[in-house]
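Colleague:
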Amino acid sequence: DAGVTQSPTHLIKTRGQQVTLRCSPKSGHDTVSWYQQALGQGPQFIFQYYEEEERQRGNFPDRFSGHQFPNYSSELNVNALLLGDSALYLCASSTGGEEYFGPGTRLTVT
Amino acid sequence: RKEVEQDPGPFNVPEGATVAFNCTYSNSASQSFFWYRQDCRKEPKLLMSVYSSGNEDGRFTAQLNRASQYISLLIRDSKLSDSATYLCVVNSSASKIIFGSGTRLSIRP
Numbered sequence: 001d002a003g004v005t006q007s008p009t010h011l012i013k014t015r016g017q018q019v020t021l022r023c024s025p026k027s028g029h030d031t032v033s034w035y036q037q038a039l040g041q042g043p044q045f046i047f048q049y050y051e052e053e054e055r056q057r058g059n060f061p062d063r064f065s066g067h068q069f070p071n072y073s074s075e076l077n078v079n080a081l082l083l084g085d086s087a088l089y090l091c092a093s094s095t096g097g098e099e100y101f102g103p104g105t106r107l108t109v110t
Numbered sequence: 001r002k003e004v005e006q007d008p009g010p011f012n013v014p015e016g017a018t019v020a021f022n023c024t025y026s027n028s029a030s031q032s033f034f035w036y037r038q039d040c041r042k043e044p045k046l047l048m049s050v051y052s053s054g055n056e057d058g059r060f061t062a063q064l065n066r067a068s069q070y071i072s073l074l075i076r077d078s079k080l081s082d083s084a085t086y087l088c089v090v091n092s093s094a095s096k097i098i099f100g101s102g103t104r105l106s107i108r109p
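One line per chain: the protein sequences are R and D, in this order.
Just so you know, we're using this note's numbering here: the first sequence kicks off at 1 and counts up by one.
Just so you know, we're using this note's numbering here: the second sequence kicks off at 1 and counts up by one.
#1: Compile a chain-ordered list of the residues in the stretch 78-92 of chain D whose CB is closer than 7 Å to at least one CB of chain R.
#2: Should residue 121 of chain R go down as buried or exposed, given a rule of 16 or more other Cβ atoms within 10 Å for buried?
#3: Taking the alpha carbon of residue 15 of chain R as the point to measure from, which residue in R:21, R:102, R:83, R:36 has its own alpha carbon closest?
#4: Rounded to the nearest angstrom, what separates residue 36 of chain R and residue 80 of chain D at their Cα positions?
#5: Quick one: is residue 91 of chain D buried, meaning 16 or more other Cβ sit within 10 Å of its Cβ, or exposed?
#6: Just reading off the beta strand (DSSP E) that residue 63 of chain D is part of, what are its end residues?
#7: Do residue 189 of chain D and residue 86 of chain D have their C-beta atoms closer together than 8 Å?
#8: With 7 Å as the C-beta to C-beta threshold (strictly closer), list the residues of the stretch 64-94 of chain R near chain D in chain order.
#9: In the DSSP output, what is residue 55 of chain D paired with across the bridge?
#10: Does the beta-carbon of residue 25 of chain R have 16 or more other beta-carbons within 10 angstroms, so that it is buried, or is it exposed?
#11: Which residues in the same chain as residue 31 of chain D place their Cβ atom closer than 7 Å to its Cβ, once the five residues preceding and following it in sequence are excluded?
#12: Less than 6 Å between C-beta atoms, sequence neighbours within five positions excluded: which residues of the same chain meet that for residue 19 of chain R?
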């Protein structure tokens, strides 16, 4: 039974570019959350998707958007990248309770 | 005031010691609570959920105090492998999940 998977594992982008990160939830999970984790900090909640809709959103600008597909997989899109967007981006899946995390995508913006 | 606050540590304790962390939260309507551990450069892994009645899993005990709005994690007979960052997580309202900044624990031989 595969756990949560994310791709790519690492990514380097330039300021102003756009990026798309992908997540496949754990089998049987229908809810996907995205987090941003800066070095030395706890994960910061970006948003959560359920039934292909954004159900809740944290304090992130509109440059951060997402999507959930009918198979429950999800994408995180970030437009107009800033240096401060450099972080580990974590995806977590659940059935509404305990969340299980993927290994993350480490994004570096130069 | 942060919605979820943890002592960042680091806590440096000898192997075999008992160590406890607290985590306070500001939203009295919070509904569910968890402890995660995170190893360096790895993803967080669920350690245990925290129930109102308290719960125990081997050497780990979690408690919830709704009146004072904190949760705690107690680790008994600590092992070298317990060295990690421990993250407190609060579900503050429907589907809004807040992580603390984490408490670093280092177990020395």
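Built from N, CA and C at the ideal position, the CB exists for glycine as well.
Every value quoted in this text rests on a predicted model; they were computed, and no experiment measured them.
Modeller: Reading off the structure:
#1: 87
#2: Residue coverage of chain R in this structure runs from 1 to 110, which leaves residue 121 of chain R outside it and unanswerable.
#3: R:83
#4: 29 Å
#5: buried
#6: 60-65
#7: Here chain D comprises residues numbered 1 to 109, so residue 189 of chain D is not present and cannot be evaluated.
#8: Listed in sequence order: 90.
#9: According to DSSP, residue 55 of chain D shares a beta bridge with D:62.
#10: Classification for residue 25 of chain R: buried.
#11: 91
#12: Only residues of its own chain outside the window of five on either side were considered, and among them 13, 78 have a CB closer than 6 Å to the CB of residue 19 of chain R, listed in chain order.
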